[in-house]
Amino acid sequence: MTDVGRHPRITLYTMSELLDIKGYVGNFDARILKKARYVKENECTACGECAKACPVIRPDEFNLGLSSRKAIYSPFPQAVPSAYAINISECLGNNPVVCGKCVEACDKKCIDFHMSDQEIVEKVGTIIVATGLEPYDPTELDEYGYTRFQNVVTSLEFERLINAGGPSGGDPVRPTDKKIPKSIGFVQCVGSRSASRGAAYCSNICCMNTIKSTLVLKEHYPDMDIKVFYLDIRAFGKGFEDLYMRSRRLGVNYIRGFPGTVEEDENKNLRVTVENTASSKLEIHELDMLVLAIGIKPAESTRKLQEMLGLQLTPDGFFLEAHPKLQPVDAATRGIFYAGCAEAPKDIKESVTQASAASARAIRLMHKGHITSEPIISEVMEERCKSCGRCVEVCPYKAITCDVKNKKPAVVNAAACAGCGTCAAECPFDAIEMNHFTSIQIMNQVNALLEEKPQEKILAFACNWCSYAGADYAGVSRIQYPANVRVIRTMCSGRVDEDFIWEGFRKGAPVVLVSGCHIGDCHYINANHWTEKRIEKVRKKMAKLGLRPERLQLAWISAAEGARFANVMKEMEKLRAAVTENEISQTVTLLKEKK
Amino acid sequence: MVDSNLQTEDRDVLQDLAERYGVEGVRSCYACGTCAAGCPARRVNPAYNPRKIIRMLVLNEAKSLLEKDTIWLCSSCYTCQERCPQGIKITDLITALRNLAVQQGRSPSGVGMQANLVRSQGRLYALDEFDDKKRKKAGLPSLSPQIEEAVRLLKEES
Chain A
1 MTDVGRHPRI TLYTMSELLD IKGYVGNFDA RILKKARYVK ENECTACGEC
51 AKACPVIRPD EFNLGLSSRK AIYSPFPQAV PSAYAINISE CLGNNPVVCG
101 KCVEACDKKC IDFHMSDQEI VEKVGTIIVA TGLEPYDPTE LDEYGYTRFQ
151 NVVTSLEFER LINAGGPSGG DPVRPTDKKI PKSIGFVQCV GSRSASRGAA
201 YCSNICCMNT IKSTLVLKEH YPDMDIKVFY LDIRAFGKGF EDLYMRSRRL
251 GVNYIRGFPG TVEEDENKNL RVTVENTASS KLEIHELDML VLAIGIKPAE
301 STRKLQEMLG LQLTPDGFFL EAHPKLQPVD AATRGIFYAG CAEAPKDIKE
351 SVTQASAASA RAIRLMHKGH ITSEPIISEV MEERCKSCGR CVEVCPYKAI
401 TCDVKNKKPA VVNAAACAGC GTCAAECPFD AIEMNHFTSI QIMNQVNALL
451 EEKPQEKILA FACNWCSYAG ADYAGVSRIQ YPANVRVIRT MCSGRVDEDF
501 IWEGFRKGAP VVLVSGCHIG DCHYINANHW TEKRIEKVRK KMAKLGLRPE
551 RLQLAWISAA EGARFANVMK EMEKLRAAVT ENEISQTVTL LKEKK
Chain B
1001 MVDSNLQTED RDVLQDLAER YGVEGVRSCY ACGTCAAGCP ARRVNPAYNP
1051 RKIIRMLVLN EAKSLLEKDT IWLCSSCYTC QERCPQGIKI TDLITALRNL
1101 AVQQGRSPSG VGMQANLVRS QGRLYALDEF DDKKRKKAGL PSLSPQIEEA
1151 VRLLKEES
């Protein structure tokens, strides 16, 4: 941390909050609120005289309330910058009658009550989101008695206790009598792997944290009776199993089963009732102290940041990466990366790995000084644009801006556009052209494919990433499907304009299929939501015109679903066979008249 | 060895529980023992174990469950259901199992007797002179052995 603080090319904003962020890769504008510290950062030597003089005593957040601090303080010994800070809502104020003792105590005169919050705008090229985690509060698990019984502590509190720099100097004293416990229990999965209370996911770190704690305890107190109440020990990392076995060999008692009740006796000892699922016996354990291995929750700021940056979240509430295997540190929006527990619960090693990867990915974009963008992007034809703002609404990347009030034509940001073509499909005035997948190109394909015997053809639109790849997979797997399918590739199913579908029916197509990635798997964030809405709309229009809506189908087919592609095509063939020549010719005349 | 006939019957029980009583999800049980460790009935009677009941359902041994008296030991306090990390409706499941057992005429004799008592007298247990004497000592009025309103309502219901 000190290295970061000293680095000439790293600017560190502490006590700061991100107000707002705008822009795109290479050109983000971050508005930052730097809160007043009331101590001159560069002059303070952290001598601590001010804190000695301060009369306000508050619980120390860093030690989770196990010790106290003053209203002027340094949050923890290694804090960067090392300068002290005043919590102004706790401070009695710089009024000589009331207090002002710290100002008197400071020889260097670096306390300044006239400081005020500052707003700073920084221009940045890339962003790494590393906003961390929130620990789970186990109070709601009433059977464990956290907050009811003082000797039930969380793993985080216990961590402060066994830390040499902690409030007890590294002695794992129990809170009631400050004595070293003779017996201690650990409860695993507190707030994790639970569908009803806490989170459904595994928090990843708690097993190894507990094992580490047992090893530390056994090293200092070999006779201490240590029990771990667990469900599964997940020691899957490098060297983890070895640590687990060492802990077992040292005599730590691993009991499979979670406590059902925790009671306190008159000596503040704890009676823990647990069903030992290995022996199927109900056991009662007398313990001096109980540690709850609490899980990890997404940080509180996650949602706000997600809205600000237009990012995606997993159902668990952590940030969603662009691809779980191939782009594990990238956000779907170019120029944004993730590191640490913001993305998922993980330990230090994994966090460091991900942070290194994220910075390397960022440097890869930044070092050239310019960005190469794909040629497949959309372009606005200004003379046609009526500034309705529809394109702005549907763009998953916030790449389009449009001044609706002043009727200025929309502008596509070439660096931010990913090329899904949803804007081009949605534009009511056909004022957006999608390069390499232009309307003329696709219309010509429709016409060419339906030129001969259209009544025998199945017209299918497939997205580049999933459905088209699925068709390929069906091919290489030699899965048979009807030979009369004619596939038109678009980058995304969101590109499929209503007009393409109508043109297909007008040219005598019996059935039309639009296919794309499964919902949630779209390669353009959520562009296929618009596909879904559009198809629904077209089907309603078809029903109004007296056409059978079943003739237009929508299917989600992934790149691995070759067999599904074939099955969908077989279904389409059945549907096609059910459309009579008469029905087709009626449709054709009806649509030609309408045109 | 479990004969194949029995297996289908067990599967039927599971299906029944899922369809008629809406209690599903037993298969997500990971045997953590939270239900058993917090169960007040288990503390008194080691023969009763909600974890084992769920396990037996998962292992397709529902039929033998219906034959045993253990499902009748549950006190319906809902502690297990409240605490189950996998959200399994354990108490509801046991109630459903009891209903199934009664339908198949497998309830313990005491349960039937008690049901008859409720039906005929509207009370969970019969009142006799002894109770009245005790009430008199406490200065309370004597009670009618039959609650007519309850009996009438039960009759209407059936």
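For the record, the sequence lines run as chains A and B. Residue 437 in the numbering used here sits at position 437 of the first sequence; the count goes up by one each step and never skips. Add 1000 to a position in the second sequence, counting from 1, and you land on the number used in the numbering used here. Cβ atoms here follow ideal geometry from the backbone N, Cα and C, with glycine treated the same way.
{"Check": "Beta-bridge pairing of A:Asn276 - partner residues as DSSP gives them", "Outcome": "A:Lys281"}
{"Check": "Under 9 Å between C-beta atoms of A:Val129 and A:Ala339", "Outcome": "yes"}
{"Check": "Identity of the residue in A:Glu452, A:Ala360 and A:Leu311 nearest A:Glu343 by Cα", "Outcome": "A:Leu311"}
{"Check": "Neighbourhood of A:Ser16 by C-beta, 7 Å cutoff - its chain only, sequence neighbours within 5 removed", "Outcome": "Ile32, Leu33, Lys34 and Lys35"}
{"Check": "Backbone CA spacing between B:Cys1080 and B:Gly1038 [nearest angstrom]", "Outcome": "7 Å"}
{"Check": "Limits of the beta strand (DSSP E) - the one that A:Phe229 falls within", "Outcome": "Asp225 to Tyr230"}
{"Check": "Own chain residues within Cβ distance below 7 Å of A:Asp171, not counting five before or after", "Outcome": "Ile180"}
{"Check": "Inter-residue Cα distance where the pair is A:Asn596 and A:Ala431", "Outcome": "This structure leaves residue 596 of chain A out entirely; chain A is present only between 1 and 595."}
{"Check": "Amino acids of chain A, ordered along the chain, whose beta-carbon sits closer than 8 Å to that of B:Arg1043", "Outcome": "Thr273 and Leu282"}
{"Check": "A:Ser378 to A:His529 span [Cα, whole Å]", "Outcome": "19 Å"}
{"Check": "Same chain only: Cβ atoms within 7 Å of A:Lys295, ignoring 5 sequence neighbours per side", "Outcome": "Residue 295 of chain A is actually Gly in this sequence, not Lys. So the qualifying residues of the chain are Tyr136, Val190, Gly191, Ser192, Gly198, Ala199, Ser203 and Cys206."}
{"Check": "Delimiting residues of the alpha helix (DSSP H) encompassing A:Cys463", "Outcome": "Premise fails: A:Cys463 lies in the beta strand (DSSP E), Ile458 to Cys463, not in any alpha helix (DSSP H)."}
{"Check": "CA nearest to the CA of A:Asp3, picked from A:Met366, A:Ala53, A:Pro328 and A:Val80", "Outcome": "A:Val80"}
{"Check": "Cβ neighbours of B:Ser1004 in the same chain (closer than 7 Å, five flanking residues each side left out)", "Outcome": "Only weak support exists for where B:Ser1004 lies, its pLDDT of 41 falling under 50; the coordinates are left without a value."}
{"Check": "B:Arg1135 (DSSP reduced to helix, strand or coil)", "Outcome": "helix"}
{"Check": "Distance between B:Asp1132 and B:Leu1140 (C-alpha atoms, nearest Å)", "Outcome": "9 Å"}
{"Check": "Assigned secondary structure, A:Leu215 (DSSP; H/G/I helix, E/B strand, else coil)", "Outcome": "helix"}
{"Check": "A:Val412 versus A:Phe429 - alpha carbon distance", "Outcome": "16 Å"}
{"Check": "Residues of its chain near A:Gly125, where Cβ-Cβ distance is below 6 Å and the 5 sequence neighbours each way are ignored", "Outcome": "Gly26 and Met366"}
{"Check": "Assigned exposure category for A:Val97 - 16 Cβ within 10 Å defines buried", "Outcome": "exposed"}
{"Check": "Exposure of A:Leu545, with buried meaning 16 or more beta-carbon neighbours within 10 Å", "Outcome": "exposed"}
{"Check": "Rounded separation between A:Arg334 and A:Ala483 - CA only", "Outcome": "40 Å"}
{"Check": "C-beta contact flag for A:Arg539 and A:Ala425 at 9 Å", "Outcome": "no"}
{"Check": "Closest by C-alpha distance to A:Thr277, when choosing among B:Val1118, B:Asn1049, B:Leu1100 and B:Glu1129", "Outcome": "B:Asn1049"}
{"Check": "Cβ-based neighbour list, A:Gly317, same chain, cut-off 7 Å, excluding 5 preceding and 5 following", "Outcome": "Pro298 and Thr302"}
{"Check": "Sub-9 Å separation of A:Phe149 and A:Leu270 beta-carbons", "Outcome": "yes"}
{"Check": "Beta-carbon proximity of A:Pro510 to A:Val579, cut-off 9 Å", "Outcome": "yes"}
{"Check": "Own chain residues within Cβ distance below 7 Å of A:Arg489, not counting five before or after", "Outcome": "Ala462, Asn464 and Tyr468"}
{"Check": "Minimum Cβ-Cβ distance from B:Thr1079 to chain A less than 9 Å", "Outcome": "yes"}
{"Check": "Contacts that A:Ala195 makes with chain B (C-beta to C-beta distance below 7 Å)", "Outcome": "Pro1085, Gln1086 and Gly1087"}
{"Check": "Any C-beta of chain B under 9 Å from that of A:Asn276", "Outcome": "yes"}
{"Check": "Buried versus exposed, by CB contacts within 10 Å (16 or more), B:Val1065", "Outcome": "A small fix is needed here, since residue 1065 of chain B is Leu in this sequence, not Val. Buried is the call here."}
{"Check": "CB contact check: B:Pro1046 to chain A, cutoff 9 Å", "Outcome": "yes"}
{"Check": "CA-to-CA distance, A:Ser194 to A:Pro75, given in whole angstroms", "Outcome": "34 Å"}
{"Check": "Cβ separation of A:Thr139 and A:Thr147, assumed to be a contact under 8 Å, to the nearest whole Å", "Outcome": "5 Å"}
{"Check": "Partners in chain A for B:Thr1034, counting only beta-carbon separations shorter than 7 Å", "Outcome": "Phe258 and Gly260"}
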